[in-house]
Structures are given as C-alpha cells and as structure tokens.
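First comes the structure, then the notes that go with it.
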DNA sequence: TCAAGGACCTAATACGTATTAGTGAAACTC
DNA sequence: GAGTTTCACTAATACGTATTAGGTCCTTGA
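Chains as they are written, first to last, in this note's numbering: chain Y, 0 to 363; chain P, 0 to 363.
Below, the structure written as structure tokens:
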C-alpha cells in the first residue's frame, strides 16, 4: 500500500527532506536544526534560520511514529491494566487512579495511551504481544490486582521504563503504592481504643500485595494493642457470611474489619449479611473498611453513616506514578523508586464502643 | 544512541530478521508468513511452519511502531479535545463521552490515545503541530465546543480518518451528534402545553453548533405552538441575570429555558439568580434545561426537583463515533457518515402550569 | 526439446527521523 | 606554508516492518 501512493507531491504532508530541498541543505541538517544539535556542534545562524523558515512555510510537523522508531521519545505514556475492565466507570474504585494519571500527564505535556483494547485481548488469550505493545510509548504505568510476571520481567530486562501503581514484591520493580500496613494498624488501634477486644478481619483468598499488606497491618495493630490474633483473620468469598456472623456473635466479637476490593464486593456482601442478621451498626457491631479510594466511601447498612477506616490516595498515587515514570524515562530517577504514600484515616460513623447488651458482654 | 548498542544479540528483543536467520529464510518471507500473503501468492507449508516455530521459539512480537511506520495500521484510535481540560473529571459534562468511547474501543479491541498533553500545548500557543500529532493513531475522534478549522481541514485533505463528536457545519466532515433541534422543540412544546405563552430562551454568545441547533429547535417549537418569538432569545454571559429576571417577570414571562454548557455555568448562574430573586420553582417560574448528559442532571434551586428538559446521549454518541471511525478506517463506511442521535425527554419537576398569582396573570 | 506456466521465495525499497563519522574549507599556529 | 583546529555541514546508516517486482527451479503440454 506504500507504493500505491505515487504521491502528488503538493498534497503530501511535508517531511524533513522537503524542507531540506526548500532550504538547500541536507535532511540531516534539517533534523539537527529542528531537534537541536548535540553538545559542541555548531550551525550557522543563517542556515538555521532558513530551515526554520522553510519548515514554517511548509507547515512541517514531525511524524511521531518515525521519531519513535528512530529511538527518540515521543511524549506518550502508556497506561495498562490487568483488570478485565478499564476503570472508566465512575463506580470502579480504580477510577481515581485514571484521573490522577491524566491530570499529571496533562500537566507534564504528555499524551496518554490507554491500552484498553490490547488489555482485553490479553485477558482472552494470555498473549504476551498485548503487553509488549506498550512499547509504543516512552514508558508505561501498570496497575491491577493480579499481574502476569512473565511480560513484566521481559520489560525489565529490555530496560523499558515502567512504574507499577501499587506495591510489588518483585525486586527492582519501581512502584508507587499506599502504606496499607500503617493505615490498617491504625484502624485496629482505633477499634481497640474504643474498647473492642474481639474482632475479625475479613479478606479475600488471593495473595495480592494489597491484601497481604492489610493483613500484616491488622495483625501488627492487634498485637500492639495486646489483642489475641489467633482467629482474627478470616478468608472468605462472601458466600458464608451469614454463618460467620452468627458464630462471631456467639464468640463475643464486637467489630469486623473488611478490606476494600476493586469491585467493593466483599463490603457489599458483609453489609447485606449484617442487614439480614438484623444487626445495627455501630450499635450491635462496629465495622471498619480498609482503604476505599478518597471520596468513594460507601455508607453503612441501615443508616447514612460513612464507613470508618482509611482512604487510599489513589489520585495522588496516579500523579506520583507519572512523575516517577518521567524521571525513569529521563534516566535520572530521584530515589526512592519504590514509594509508599500515607493513607488518610477516616473517622466515619461505624465505630462505637461495644454495648453491654447481648452476647457482646461476654468476656473470654 | 542507536549505534551505541552493539546489541549482545541474546539480550535484544527478536525481530523478523532474527527469525529469518533461525528459519533459514529472508526477512521478507517472515513478514509474509506472519502478516499473511497477498492474494494469489503461495508459500510452502514447511516454510510457513518453520517460520512460525522460530517466531514462537524466540518469543517474537511485532514492533507496533515499525508496523505503523510501514504504513499499516496499529489498532489505536486517538481522542482529542479542544477544551482546555480533558474530561476525566466526573463533574465535567463531557465525561460520559469518554466513557462511551472507551467502552466501544475496548469492545472493538482498539487502544486509545488521549491527546491530553498536546491539547494543552495547543491551548497555550495555537500550535498546529498539536493536532497533527493525532496521526500516530489510525484515526481520531474530536470534540469540544470550539474548533480551529485549519488543522481539521488539513487532516481532511490528507485523507486522515476522523470523526467529530457533535454536529459540524463544514461539509464532508463525518460526525456523530445529537438531535438538539427536535429535542428542544419538544421541550418548548411541553411548556406551551402546560400553559406557558411567554418564555425566554437563554443561550451563550458564541456560535457553536450545539447552541445554534438548540435555538433553532426552540424557535421551531415556539412557532409550532403559535407563540410570539420576537423577544424570546436572550444571549447572556450570566452577569446580568438579576436585571433580566426582574424585567421578565414584569413582562409576564412564566418560563425560562436554558442551554446546558460543558461547565454548566449558565444554569448555575440562573439558579443563583432565581434564588436571589426569592422565586420558587416551578411555583413562580418554570425552568427547562436543554441537554444535560444522561445522569448528570442537576437539581433545581430551593428544592430537590430534577430539571425538566432532555438528556443528551453522550455515552452512546461516544460509542457510535468509535464505530463510525472504524468504518472510515476500513474504508467502507456505512452511510450516513453524518449522524444525529435522538435525545431523551426528561419530565423532571421544574415545569408546572403558570400560577394565577403575581404579574404572571397579566396577559399581553 | 522448448516454451509456457506455476510454485516459491528474495532483493530491493519505502516509511520519516536521529545520529555519527567524516569531509572540505577557512582560520589559526609557530 | 605545512600542520592543526575549528566550523559548518553532509553521507551514510540505523530503527523494524510491509510490499512489490522479479528471479529460480520445476512441471507441463505440444
């Protein structure tokens, strides 16, 4: 199809060679004028000027694709998610990340490539090509709970600049995450201070860092408050909550802590179960939510109360990730390249002192 | 920097020439096998197989940049706005467009380039390079109230596929817009049917198609209902509304129609003026809003009532625009390439029959 | 046996820019 | 005035893939 265009030269968009002809210099000179000369190389002012004039005259604009192929940069950052859906939906808890990334990219004059199509392809077949695609950009941001290690490792090996949004275990992978550990510990501390000594922590089955960190924080906070942590952590997919709730009540549990997931399913399931059990929150049971994105915090069952817990600064994570990525691209990252942002405690209305009625009074 | 890599061949990502060497064929053959042969060209099964094997072995993945440079497509669609801010903010009324575009792009396996950075650059200096940049993609979507004609015309001349989201006057420009004319006429008809015979239509000063169409619809609806349209249209920047409101009341105006703008400023200004004037809506004054994006409709001053009027199917416009763009890229657009989508009437709670109290009763 | 035709593949080139090695000329050095 | 610098620029090549115009060799048919 290339050769199908005999290119009526007047109608073609101008390239450097056109400028070169018009200014009576070589294409290389045009590139040097337009792109800037390397250290210590001189160009006559007159030459520079006539090239600039010709470029202006012809309405020249560099072709970003060619620019990129010739190993320069193209001012584009990629954004790739391993979730099946891209978080353009407002309801999606990852959405603030997108907002933050976009804000900072705009501020930095970078365009953004949303790898939505290839992400989808990758989810159907486990196609490494999909991830490899991000190389059109100068660098790429990744996020999502679950990450295929292979493609990422490959990018690392190739020296392709990227930043993960969320903490990662793999050594050497730059990331911007949230300090779930401290924040979770603080929440548990708050519960303990309110008088709760028997609590449960509800988490998902998988081993995503976001879950691991929250559990660690919960346990750390519990131990710091002198609580018994032996039966504290409960893994659930949300289907057995009614039974759980019943037994916890009998065991004297007065507070439940839940982790926020990207869909918010765990919390929703718990809320529903609490309502079914006819429990009032926080009167009969205190609840705490570990990490909703700022501003998307839901309200507790039965009342208009906002969930107590902490907020995750997703938007700021997005912004910071863009900054870090640009530093990596420019080759001089300001350390650290693995960053954890503090989370904002939220007082909310779902934590209260345990009441003296019902099984809650039982001590043991 | 290109030549700085003596390429320790093991560590470089494989290209077609590597496969060629491994399979004992030429690079061209590799391309033919991988990309598919043109009509009527044959390849030995054994050759094909060994190329495929080698490709698999080496973990080959085509370089999207080179692919694009070689004049093929790259599965990327651009999204460019002429607004100064990209509508990632939920509050932004254009936001649903972004959602729609993203949805459909994902569904069609296309990646999305948000030209946020270059858009910003363009707003600072009127840089044609910024728009030209969209050519990295196979095609591009544009939107925004105000459009520099030059760059767009240039793209048309170059035969670059693009679709405008919103109606355009320029002949030949493909677009997906909303049928503001019919929808606006319907709203005025509704007001007339409720007994309003003196109304005002508030619009902005500029001549964006979105405003022009609404005005045409308002006038058409008014004439169909036999209303006097002579003083109906009022252009305002929102600063003189208090005075306007007062005189309208004296003239017996019982209803005001406002157009929705991307920021919602006009509506907000009117709402504030109505409150300052101590008027109740719809008791003292009926209000109608022409075209908020679905689901973002605000509530009227003083009460929880939703504005009456119509909704703009922005999300669907986004989706349809992606479809149209893909048709254009494939070269066989299903006509028409200029499309208007119907708007959804919204009953709302800000239209009521004019009351018999106050100046409203005056007939003339 | 020779030409015609087909099957299968390769050489060459294009896409548009970036970069480096090098060239010719002028200016300077001693 | 031969050697050295400096200046100002160009030739050549690389980036990785797509495409087309042939080129070989092998069958066929007459």
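Note that the Cβ used here is the ideal one computed from N, Cα and C, for glycine as well.
Being a predicted model, the structure only gives us computed values, none of them experimental.
**OP:** Please specify which runs of the beta strand (DSSP E), each continuous and at least 3 residues long, are wholly inside the segment 22-97 of chain P, giving them in chain order.
**Re:** Counting whole runs of 3 or more residues, the segment 22-97 of chain P contains the beta strand (DSSP E) stretches 75-80.
Original post:
Taking residue 210 of chain Y as the reference, which of Y:256, Y:101, Y:140 has the closest Cα?
Top reply: Selected option, being the one with the closest Cα: Y:256.
Subject >> Terminal residues of the beta strand (DSSP E) in which residue 233 of chain Y lies >> reply: First-last of the beta strand (DSSP E) with residue 233 of chain Y: 232-234.
Original post:
Applying a beta-carbon distance threshold of less than 8 Å, which residues of chain Y neighbour residue 186 of chain P?
Top reply: For residue 186 of chain P, there are no neighbours in chain Y by C-beta distance under 8 Å, as the nearest C-beta there is about 27 Å away.
Original post:
Which residues in the same chain as residue 300 of chain Y place their Cβ atom closer than 7 Å to its Cβ, once the five residues preceding and following it in sequence are excluded?
Top reply: The residues 270, 273, 274, 280, in chain order, have a CB closer than 7 Å to that of residue 300 of chain Y in the same chain once the five nearest residues on each side in sequence are set aside.
Subject >> Any 3 or more C-beta pairs closer than 8 Å across the segment 219-230 of chain Y and the segment 324-335 of chain Y >> reply: The way I'd put it, the segment 219-230 of chain Y doesn't touch the segment 324-335 of chain Y; fewer than three beta-carbon pairs between them come closer than 8 Å.
**OP:** Could you spell out the range, first to last residue, of the alpha helix (DSSP H) harbouring residue 179 of chain P?
**Re:** Looking at the DSSP string, the run of the alpha helix (DSSP H) that includes residue 179 of chain P is 179-192.
Subject >> Distance between residue 237 of chain Y and residue 268 of chain Y (C-alpha atoms, nearest Å) >> reply: C-alpha separation (whole angstroms): 6 Å.
**OP:** Note down, in chain order, every chain Y residue with its Cβ under 9 Å from the Cβ of residue 68 of chain P.
**Re:** Ordered by position in chain Y, the residues that pass the 9 Å Cβ test against residue 68 of chain P are 62, 64, 65, 67, 68.
Original post:
Which residues in the same chain as residue 212 of chain P place their Cβ atom closer than 7 Å to its Cβ, once the five residues preceding and following it in sequence are excluded?
Top reply: In chain order, 166, 179, 180 place their CB closer than 7 Å to the CB of residue 212 of chain P, counting only its own chain and leaving out the 5 sequence neighbours on each side.
Subject >> Spatial distance of residue 191 of chain P from residue 224 of chain P (CA atoms) >> reply: If you take the alpha carbons of residue 191 of chain P and residue 224 of chain P, they lie about 6 Å apart.
Original post:
Which whole-angstrom value describes the C-beta separation of residue 290 of chain P and residue 342 of chain P, a residue pair presumed to lie in contact below a C-beta threshold of 8 Å?
Top reply: The Cβ separation is near 7 Å, so the contact holds.
Original post:
Just reading off the beta strand (DSSP E) that residue 112 of chain P is part of, what are its end residues?
Top reply: In the DSSP assignment, residue 112 of chain P falls within the beta strand (DSSP E) that extends over 110-113.
Original post:
DSSP beta-bridge partners for residue 227 of chain P?
Top reply: When beta bridges are read from the DSSP output, residue 227 of chain P appears opposite no residue.
Original post:
Is the beta carbon of residue 207 of chain P within less than 8 Å of some heavy atom of the ligand ZN?
Top reply: For the structure depicted, the ligand ZN is absent and the ligand set is empty, with no information on it obtainable.
Original post:
Should residue 313 of chain Y be labelled buried (16 or more other beta-carbon atoms within 10 Å of its own) or exposed?
Top reply: Buried, by the Cβ-count rule.
Original post:
Taking a cut of 9 Å between CB atoms, which residues from the segment 326-349 of chain Y lie near chain P?
Top reply: Contact residues of the segment 326-349 of chain Y toward chain P are absent (C-beta to C-beta distance below 9 Å).
Original post:
Going by Cα to Cα distance, which pick from P:283, P:102, P:172 is closest to residue 148 of chain P?
Top reply: Scanning P:283, P:102, P:172 for the CA closest to the CA of residue 148 of chain P turns up P:172.
Subject >> Per-residue contacts from residue 131 of chain Y into chain P (C-beta, under 7 Å) >> reply: Per Cβ cutoff of 7 Å: 60.
Subject >> Option in P:276, P:170, P:349, P:292 with minimal Cα separation from residue 248 of chain P >> reply: Put simply, of P:276, P:170, P:349, P:292 the residue whose alpha carbon is nearest the alpha carbon of residue 248 of chain P is P:276.
Original post:
From the DSSP output, which residues share a beta bridge with residue 202 of chain P?
Top reply: Answer by DSSP bridge pairing, in chain order: P:234.
Original post:
Under 9 Å between C-beta atoms, does residue 155 of chain P make it to chain Y?
Top reply: Output row for residue 155 of chain P: interface = no.
Subject >> Beta-carbon proximity list for residue 169 of chain Y, same chain, < 6 Å, skipping 5 on both sides >> reply: Within the same chain, residue 169 of chain Y has no close Cβ partners at all.
Subject >> Beta-bridge partners of residue 176 of chain P, as assigned by DSSP >> reply: Paired residues: P:339.
**OP:** State the start and end residues of the unbroken beta strand (DSSP E) segment that holds residue 150 of chain Y.
**Re:** Taken as a continuous stretch (DSSP letters only), residue 150 of chain Y belongs to no beta strand (DSSP E), being part of the alpha helix (DSSP H) at 148-157.
Subject >> Near-chain P residues of the segment 303-327 of chain Y (beta-carbon distance less than 8 Å), N- to C-terminal order >> reply: For the segment 303-327 of chain Y, no residue has a beta-carbon sitting nearer than 8 Å to a beta-carbon of chain P.
**OP:** Using the Cα positions of residue 195 of chain P and residue 100 of chain Y, report the straight-line distance between them to the nearest angstrom.
**Re:** Between residue 195 of chain P and residue 100 of chain Y, the C-alpha separation is close to 48 Å.
**OP:** Would you kindly work out how many angstroms separate the C-alpha atoms of residue 203 of chain Y and residue 235 of chain Y, rounded to a whole number?
**Re:** Whole-angstrom Cα-Cα distance: 6 Å.
**OP:** Tell me, please, whether the CB atom of residue 364 of chain Y is closer than 9 Å to any CB atom in chain P?
**Re:** No information on residue 364 of chain Y is available, as it lies outside the stretch 0 to 363 that chain Y covers here.
**OP:** For residue 354 of chain P, decide whether its Cβ has a neighbour in chain Y, counting only Cβ atoms nearer than 9 Å.
**Re:** Residue 354 of chain P does not count as touching chain Y.
**OP:** Sort P:242, P:182, P:244 by Cα distance to residue 215 of chain P and report the nearest one.
**Re:** Comparing Cα positions, the closest option is P:182.
Original post:
Does the segment 27-40 of chain Y come within contact of the segment 12-19 of chain Y, defined as at least 3 CB pairs closer than 8 Å?
Top reply: As far as the Cβ criterion goes, the segment 27-40 of chain Y touches the segment 12-19 of chain Y, which means the pair count is three or higher.
**OP:** Go through its chain and collect everything with a Cβ distance to residue 4 of chain P's Cβ below 7 Å, but skip five positions before and after it.
**Re:** Low per-residue confidence applies at residue 4 of chain P: pLDDT is 35, beneath 50, and the placement is therefore not dependable, though the value from the model is reported in the following sentence. Its chain contains no residue whose beta carbon lies nearer than 7 Å to that of residue 4 of chain P once the 5 sequence neighbours on both sides are disregarded.
Original post:
Using 9 Å as the limit for Cβ to Cβ distance, is residue 134 of chain Y near chain P?
Top reply: Yes, contact with chain P.
Subject >> residue 346 of chain Y - DSSP class collapsed to helix/strand/coil >> reply: If DSSP states are grouped into helix, strand and coil, residue 346 of chain Y belongs with coil.
Subject >> Start and end residues, beta strand (DSSP E) containing residue 406 of chain P >> reply: In the structure as shown, chain P begins at 0 and stops at 363. Residue 406 of chain P is therefore absent and cannot be evaluated.
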